[in-house]
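Read the structure below first, then the notes.
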Amino acid sequence: MSATTLAGGKYARELKQVEGIVKKSMEGASGRLKAMLDYLAQGSGKMLRPRLLILAAGLFKDKFSARERAELVHAAAAVELIHTASLVHDDIIDGAARRRGQVALHRRWGEGNAVQAGDYLLAAAFKLLSVKVRVPGLLPLLAETVRAMCRGELEQMKHAFDWQMTEKEYFRLNYLKTGQLLAACCEAGGRVMNASPEELAALRRYGAHLGQEFQLMDDLLDYAASSAALGKPAGSDLSQGVVTLPLIRLLQQEASYRFLLNKAGKVKPLPRKLTRILREAIAESGALDYCYRRAVRFRAAALEALLPFKKGEARRLLAEAAFAVTRQAVLLTGHRL
Ligand code: FPP
Ligand code: MG
Numbered sequence: 169m170s171a172t173t174l175a176g177g178k179y180a181r182e183l184k185q186v187e188g189i190v191k192k193s194m195e196g197a198s199g200r201l202k203a204m205l206d207y208l209a210q211g212s213g214k215m216l217r218p219r220l221l222i223l224a225a226g227l228f229k230d231k232f233s234a235r236e237r238a239e240l241v242h243a244a245a246a247v248e249l250i251h252t253a254s255l256v257h258d259d260i261i262d263g264a265a266r267r268r269g270q271v272a273l274h275r276r277w278g279e280g281n282a283v284q285a286g287d288y289l290l291a292a293a294f295k296l297l298s299v300k301v302r303v304p305g306l307l308p309l310l311a312e313t314v315r316a317m318c319r320g321e322l323e324q325m326k327h328a329f330d331w332q333m334t335e336k337e338y339f340r341l342n343y344l345k346t347g348q349l350l351a352a353c354c355e356a357g358g359r360v361m362n363a364s365p366e367e368l369a370a371l372r373r374y375g376a377h378l379g380q381e382f383q384l385m386d387d388l389l390d391y392a393a394s395s396a397a398l399g400k401p402a403g404s405d406l407s408q409g410v411v412t413l414p415l416i417r418l419l420q421q422e423a424s425y426r427f428l429l430n431k432a433g434k435v436k437p438l439p440r441k442l443t444r445i446l447r448e449a450i451a452e453s454g455a456l457d458y459c460y461r462r463a464v465r466f467r468a469a470a471l472e473a474l475l476p477f478k479k480g481e482a483r484r485l486l487a488e489a490a491f492a493v494t495r496q497a498v499l500l501t502g503h504r505l
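Our numbering applies: residue 169 is where the sequence shown begins, and numbers increase by one.
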């Protein structure tokens, strides 16, 4: 999704404030920690999560009060810090070489230092939430979400090289890893605006479906896009033994490939020749089109969840986000999915 897709002009002021708070949260460190945080700041991401939080709030009001704006921008900065911390840790777990267009933190400073930097960011996020945000239920919501993300990541590690993994198991992990946080961002925006339980549930549905669509496209792009286009290594899921839907779909249709995988054993990275054979088989089998169609179903569910909210700029931008996720996959693959 392009950096401007969700900016929409209208919320530019809030997003600038969020960037400032994120930056400020990274201050106060010195030495190696400061160097690592400065480095992370250079490779800043799309800010999808803070944007969602602010847009979800925008569904309720055209103009925020000073109190609402202050709570929103601090909560939005916190979710961005949580997300960045999770990526720092995820790259260590996945052995990833690059992130956000630059060398991954752990590859430059080593795993031990990178773990500490991730912890520091996570603590900075919860400091913001506990000191700057006084919205009932928001702190436990995000704490519970991080716990779910950890469970998702641990379950994914348990399923490494599990060539029997089912679609159902895949979608559960997909939800825990990504759907949960996006659902929580949208719910958090609603909580700041004192939304009703029904409205909070609809916001969660939108965020969870958008998150699942997003993670599914991320998993598809790992097979279908180039590393240059992604700003991180393509093809790493398979070579690291991470099982995602494109492979599950291929194995459903052509179980014989499971034999090749079992024969290779649990080695990281898997032999290049084998990953090339599987990538080609996935491309030819229609598995990527299947993933795309599943993502379109999540998109439809996300759009449906927006219907109870009043039409306006925020609803338009949230709907646009759901379209942007699948559109980006088509653009990055140059593929007619
Ligand atoms: C990226 O997935 C990773 C996540 C969506 C979540 C990672 C969660 C944790 C490490 C647990 C929570 C930890 C903290 C510090 C909050 P991916 O590997 O499929 O995507 P990628 O291709 O971008 O690496
Ligand atoms: Mg990863």
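Using N, Cα and C, we set each Cβ at its ideal position, and we do this for glycine too.
Note that the coordinates shown come from a computational prediction; the quantities given were computed from them, not determined experimentally.
Asked	Found
Distance, Phe294 Cα to Pro308 Cα	10 Å
Whether Thr346 touches Gly403 by CB criterion (8 Å)	no
Asp262 beta carbon near the ligand MG (any heavy atom closer than 7 Å)	yes
Touching by the beta-carbon criterion (3+ pairs, under 8 Å), the segment 312 to 328 and the segment 337 to 356	yes
Other residues of its chain near Ala209: CB distance less than 7 Å, five sequence neighbours each side excluded	Lys191, Met194
Per DSSP, the bridge partner or partners of Val271	Arg266
Three-pair Cβ contact test at 8 Å for the segment 411 to 427 versus the segment 324 to 339	yes
Helix, strand or coil at His327 according to DSSP, with G and I counted as helix	coil
Option in Lys214, Val301, Lys231, Met385 with minimal Cα separation from Lys178	Lys231
Reduced DSSP secondary structure (H/G/I, E/B, other) of Met333	coil
Cα-Cα separation between Glu472 and Tyr374, rounded to whole angstroms	8 Å
Cβ pair Ala245, Leu296 closer than 8 Å	yes
Proximity test, Asp258 beta-carbon vs the ligand MG heavy atom, cut-off 7 Å	yes
Contact test: Glu312 Cβ vs the ligand FPP heavy atom, cutoff 7 Å	no
When Ser233, Leu290, Asn362, Ala225 are compared against His257, the one with the closest alpha-carbon	Leu290
Near the ligand FPP: Lys345 beta-carbon under 7 Å from a heavy atom	yes
DSSP three-state assignment for Leu438, whether helix, strand or coil	coil
Local conformation of Val493 per DSSP, three classes	helix
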